[in-house]
Amino acid sequence: MQFLFPTLTIGFALLAVPFLVHLINVLRQRRRQWAAMDFLLASYRKQRKWIWLRQLLLLLMRTAVVAVLVAMLAGWAGRAGWLDALGGQTNHHIVLLDDSLSMSDQSGGGSAYRRALSALQALGERLAIADGTHQLTVIRTSRAELVVGAGSKAGDAAADLSAQTVGSENRALDRLMATSPSSLSGGMGQAVELAAGLAEATSADRTILYVLSDLRQNDWESPERINASLQELSKSGTEIRMVDCATTPAANLALTQLQPVEDVWVAGVPVMVEATVRNYGTETATNVTLDAKLIRYGREVAAPRTDQLYSGPTTALPAMVFEKIEPGKQVTKQFQVYVAEPGTHGLTVSIPEDIVTADNTRTCTLPLIDQQKVLIVDGDAEGSGAYFVASVLNPGGQVRTGAIPEIRPVSFLNSVRSEELAQYRVLYLLNLHRIEDSVARMLNEYVTAGGGLALFLGDATDRENYNRLIEKYPGLLPGTLNAAKDLPLPSGSETPDLLPDGSHPIIAPLAAAGEGALGLVRVVRSLGLETDRDLALGVRTVIRRRDDLPFAVEHRLGKGRVVTVLTDLGNNWTNWTGDPTFVVFLLRTNAFLWSTANPATSRNVIEPLALRMRNESYGRSVDLIAAADAPPRLSIQLQAEPDAENQDLELEVSPAAAAIDGSIDVATLLQPGIFEWWLPRLDGSREVRPVASVIADGEGDLRRAPRSEIDRALRPTMVTFFDAGQMASASESESGGRTGILLALLAAMMVGEQVLGYFGSYHPPLRAKA
1 MQFLFPTLTI GFALLAVPFL VHLINVLRQR RRQWAAMDFL LASYRKQRKW
51 IWLRQLLLLL MRTAVVAVLV AMLAGWAGRA GWLDALGGQT NHHIVLLDDS
101 LSMSDQSGGG SAYRRALSAL QALGERLAIA DGTHQLTVIR TSRAELVVGA
151 GSKAGDAAAD LSAQTVGSEN RALDRLMATS PSSLSGGMGQ AVELAAGLAE
201 ATSADRTILY VLSDLRQNDW ESPERINASL QELSKSGTEI RMVDCATTPA
251 ANLALTQLQP VEDVWVAGVP VMVEATVRNY GTETATNVTL DAKLIRYGRE
301 VAAPRTDQLY SGPTTALPAM VFEKIEPGKQ VTKQFQVYVA EPGTHGLTVS
351 IPEDIVTADN TRTCTLPLID QQKVLIVDGD AEGSGAYFVA SVLNPGGQVR
401 TGAIPEIRPV SFLNSVRSEE LAQYRVLYLL NLHRIEDSVA RMLNEYVTAG
451 GGLALFLGDA TDRENYNRLI EKYPGLLPGT LNAAKDLPLP SGSETPDLLP
501 DGSHPIIAPL AAAGEGALGL VRVVRSLGLE TDRDLALGVR TVIRRRDDLP
551 FAVEHRLGKG RVVTVLTDLG NNWTNWTGDP TFVVFLLRTN AFLWSTANPA
601 TSRNVIEPLA LRMRNESYGR SVDLIAAADA PPRLSIQLQA EPDAENQDLE
651 LEVSPAAAAI DGSIDVATLL QPGIFEWWLP RLDGSREVRP VASVIADGEG
701 DLRRAPRSEI DRALRPTMVT FFDAGQMASA SESESGGRTG ILLALLAAMM
751 VGEQVLGYFG SYHPPLRAKA
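Using full-length UniProt numbering, the first residue of the sequence shown is number 1, and each one after it goes up by one.
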């Protein structure tokens with residue numbers, strides 16, 4: 001026999017009171033010799049059995065009244081088949097368990113997710129001993145997000161428990177107690193949608209939906225999608241209960257970004273890396289230390305090391321300090337990383353741990369290649385412009401820019417094949433008179449595929465030829481070229497001929513110096529440009545003339561970029577090539593165009609892990625070493641399959657697919673950090689390709705949505721709010737049928753006790769009034 005308030009069971013000692021009263025009444029009888037009494041005793045002996053039976057029934061009835069009253073006060077929760085038969089019903093309990101990253105918040109001692117699990121466990125224990133039939137469904141929001149993201153609407157696929165009858169032992173619920181918050185940021189809307197489908201598909205007399213969440217502002221500030229599904233549930237009679245599992249959040253800092261600056265990522269050339277820290281707290285953070293560590297995956301890394309956090313050797317980089325981060329603000333700092341060996345290396349940074357540890361660390365990769373060729377084609381027979389560009393990109397000595405300039409005549413461009421052109425990282429076309437249709441087609445394909453193109457257009461440019469290209473290849477040029485326009489002489493103003501646009505990354509270093517950065521550059525004229533397709537191509541001005549006409553612009557085409565300068569590199573129109581700012585502009589332009597083909601340096605944990613390798617160089621058996629907080633790390637054996645053309649081997653590991661088929665543990669795939677692909681070469685050696693997995697920005701924002709605002713946003717849906725510690729009382733009404741029956745039984749027994757007491761005692765007859 002089990003009770004919700006076992007302390008009150010001491011009241012069962014009152015069961016002795018009726019017996020004591022009865023014994024006291026017996027002790028009060030004294031034997032006396034009396035003739036009249038002898039006559040009554042003789043009559044009593046004839047009816048003794050009936051009298052004793054009435055007294056016994058009265059005694060048992062009084063004892064039962066005391067027992068039922070104490071049992072009700074102590075919260076009797078034991079099973080009783082006869083009560084189930086009278087008041088039992090089928091109840092379907094659907095629990096949506098928020099396991100987003102913010103649920104790992106340790107504010108108030110213990111995580112919000114642990115409070116949610118404790119509340120769920122309390123519900124399971126309560127239902128296991130409650131009357132009636134109880135079915136339990138539990139859906140974690142991360143699983144709902146993955147399953148719906150994979151295109152499935154099956155709630156069973158996302159549920160840890162699906163309409164499972166609650167018993168004294170529930171191993172599935174016990175396994176759920178061992179889970180941890182995921183690295184995902186959403187899923188509540190998808191979970192409510194799946195819950196609505198399950199509630200409709202499951203037959204039950206009563207359906208109760210529990211939402212165990214931390215009620216963060218990011219999730220509940222605009223819950224339109226969630227409310228639509230909740231209204232469907234409410235209209236079908238489902239009771240909705242919000243269980244708040246969080247407390248007032250403490251201060252939290254988060255690493256929200258770590259990535260190399262767009263540049264030439266070449267081994268032996270320093271790479272600048274940006275790290276951003278956001279303050280989600282309400283107080284200013286000071287002297288925040290950022291530790292950085294480089295993981296080298298060079299040729300010496302020949303085999304995976306699952307007993308270590310990384311297979312490659314690590315090198316600690318100099319620490320940095322964020323002196324001050326205001327509440328709600330973020331601060332970005334840059335630091336330099338130098339690696340001499342080509343390959344994809346890893347980088348991890350961390351700040352001191354706080355209430356959410358998952359966002360205190362972030363990783364990225366550094367894909368460094370060897371120096372690559374850039375093509376320079378000059379329309380001037382003397383090649384003076386090509387000389388300027390080549391000397392900037394390859395100054396000689398020990399200075400490395402990553403580019404190997406290759407100067408070719410115009411005839412080379414007219415005869416080159418697409419495969420040969422793709423070997424160049426950036427193309428520089430300087431004052432070409434014409435561009436043939438076949439060349440324009442190749443250039444269009446080259447840029448669309450991710451190449452970089454720089455056009456310098458001057459007095460030799462055939463504008464009609466270039467403008468005709470727009471009709472066939474509208475993305476190759478930023479707009480229609482017009483006749484050259486002279487720059488009017490300054491009217492006493494000290495405004496320079498050229499002004500940088502500070503919003504563009506190419507010219508940002510010069511723009512930081514102010515309008516006078518280009519003060520020594522003189523411009524006589526430049527070609528006119530009519531950018532009537534700005535919206536479609538995203539044309540942005542890099543440098544403008546004093547009269548606000550564009551001088552250098554940039555636009556995108558497919559995966560690539562095009563920078564167009566409306567002057568040549570001769571001395572007829574400008575003296576820019578003799579100014580130091582030209583060197584800065586050209587190096588920044590080269591880095592900007594080069595970076596279009598740079599690979600991604602990280603992936604969100606919810607995105608698939610993709611691998612592609614040449615069929616003639618690698619075997620099909622691949623190992624994936626999963627990221628982990630601490631060793632040992634899990635090694636997953638996989639098989640790559642050839643593509644349609646049988647040239648490449650492909651492999652994709654999707655967390656969404658794993659959530660449905662269960663082929664790989666989803667929690668392993670959602671772990672942030674460095675994953676390692678280990679590829680078998682056909683020569684017997686192995687190659688490693690690290691991949692950085694990161695969490696989405698924003699989950700460190702722990703601001704809570706007030707219950708009143710949530711209630712207002714969800715209207716007209718009726719929602720009842722509880723704290724996590726009130727989960728047992730939230731399900732208290734589940735025993736309403738039993739309590740009502742016991743109350744009715746108590747009333748009936750008290751009436752019966754009065755009736756038995758009346759017939760078991762003497763009452764003189766009523767005399768009529770005279």
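Just so you know, even glycine gets a beta-carbon here, dropped at the ideal spot from N, CA and C.
In the DSSP assignment, Phe721 is bridged to Met242.
Boundaries of the alpha helix (DSSP H) around Ala656: 655-661. Taking a contact to require three or more Cβ pairs closer than 8 Å, the stretch 707-723 and the stretch 226-245 qualify as touching. The beta carbon of Trp573 is closer than 6 Å to those of Val524, Arg525, Thr567 in its chain, skipping five residues each way along the sequence.
Taken atom to atom, the span from the alpha-carbon of Ala511 to that of Asp501 is near 7 Å. In this model, Arg633 and Leu624 are separated by some 10 Å (Cα to Cα).
In the DSSP annotation of this structure, the continuous segment of the beta strand (DSSP E) that includes Met320 starts and ends at 314-325. Distances from the alpha-carbon of Leu520 to those of Ala483, Lys472, Trp576 put Trp576 closest.
For Pro260, the enclosing beta strand (DSSP E) has its first and last residue at 253-260.
Collapsing the DSSP output to three states places Tyr297 in coil. Between the alpha carbons of Asp459 and Asn431 lies a gap of roughly 8 Å. Between Thr601 and Pro367, the C-beta spacing is below 8 Å. If one requires a minimum length of 4 residues, the alpha helix (DSSP H) runs lying completely within the stretch 165-199 are 171-176, in chain order. Going by beta carbons, Ala340 and Gly268 fall inside the 8 Å limit. In the DSSP annotation of this structure, Leu309 is not part of any beta strand (DSSP E), being labelled neither H nor E. The stretch 447-455 and the stretch 482-500 do not touch, with fewer than three beta-carbon pairs separated by less than 8 Å. Residue nearest to Lys293 within the set Gly312, Ala275, Val349, Thr306 is Val349 (criterion: CA-CA distance). In this structure, the straight-line span from the alpha carbon of Ala119 to that of Gln726 is close to 8 Å.
Residues of the same chain with a CB within less than 6 Å of the CB of Leu309, apart from the 5 flanking positions on each side, are Pro631 in chain order. At a cut-off of 4 residues, the continuous stretches assigned as alpha helix (DSSP H) that sit fully inside the stretch 568-654 are 580-594.
Counting every other CB atom within 10 Å of its CB across the protein chains shown gives Asn287 a total below 16, marking it as exposed. The C-alpha of Met749 lies about 33 Å from the C-alpha of Ala42. Of the residues Leu499, Arg305, Asp160, the one whose Cα lies closest to the Cα of Ala552 is Leu499.
Taking C-beta atoms as the reference points, Ala659 and Arg299 fail to come closer than 8 Å.
By the Cβ test, the stretch 204-222 is in contact with the stretch 89-105, since at least three Cβ pairs between them sit closer than 8 Å. Within the DSSP bridge table, the entry for Leu430 names Asp378, Phe456 as partners. Of the residues assessed, Asn571 falls on the exposed side of the cut-off, its CB having fewer than 16 other CB atoms within 10 angstroms. Taking Asp354 as the centre and dropping the five residues before and after it, the same chain places the C-beta of Ala251, Asn252, Leu253, Asn360 closer than 7 Å to its C-beta, in chain order. Apart from the 5 residues on each side of it in sequence, Asn444 sits with its Cβ closer than 8 Å to the Cβ of Tyr473, Gly475, Leu476, Leu557 in its chain, given in chain order. DSSP links Ser526 through a beta bridge to Lys485.
Of the residues Gly578, Glu652, Gly312, Arg614, the one whose Cα lies closest to the Cα of Glu607 is Glu652. At least 8 Å separates the beta-carbon of Ala358 from that of Ala246.
Less than 8 Å separates the beta-carbon of Val356 from that of Ser104. Between Val439 and Ser685, the alpha-carbon positions lie close to 42 Å from each other.
The Cβ atoms of Ala157 and Ala657 lie no closer than 8 Å to each other.
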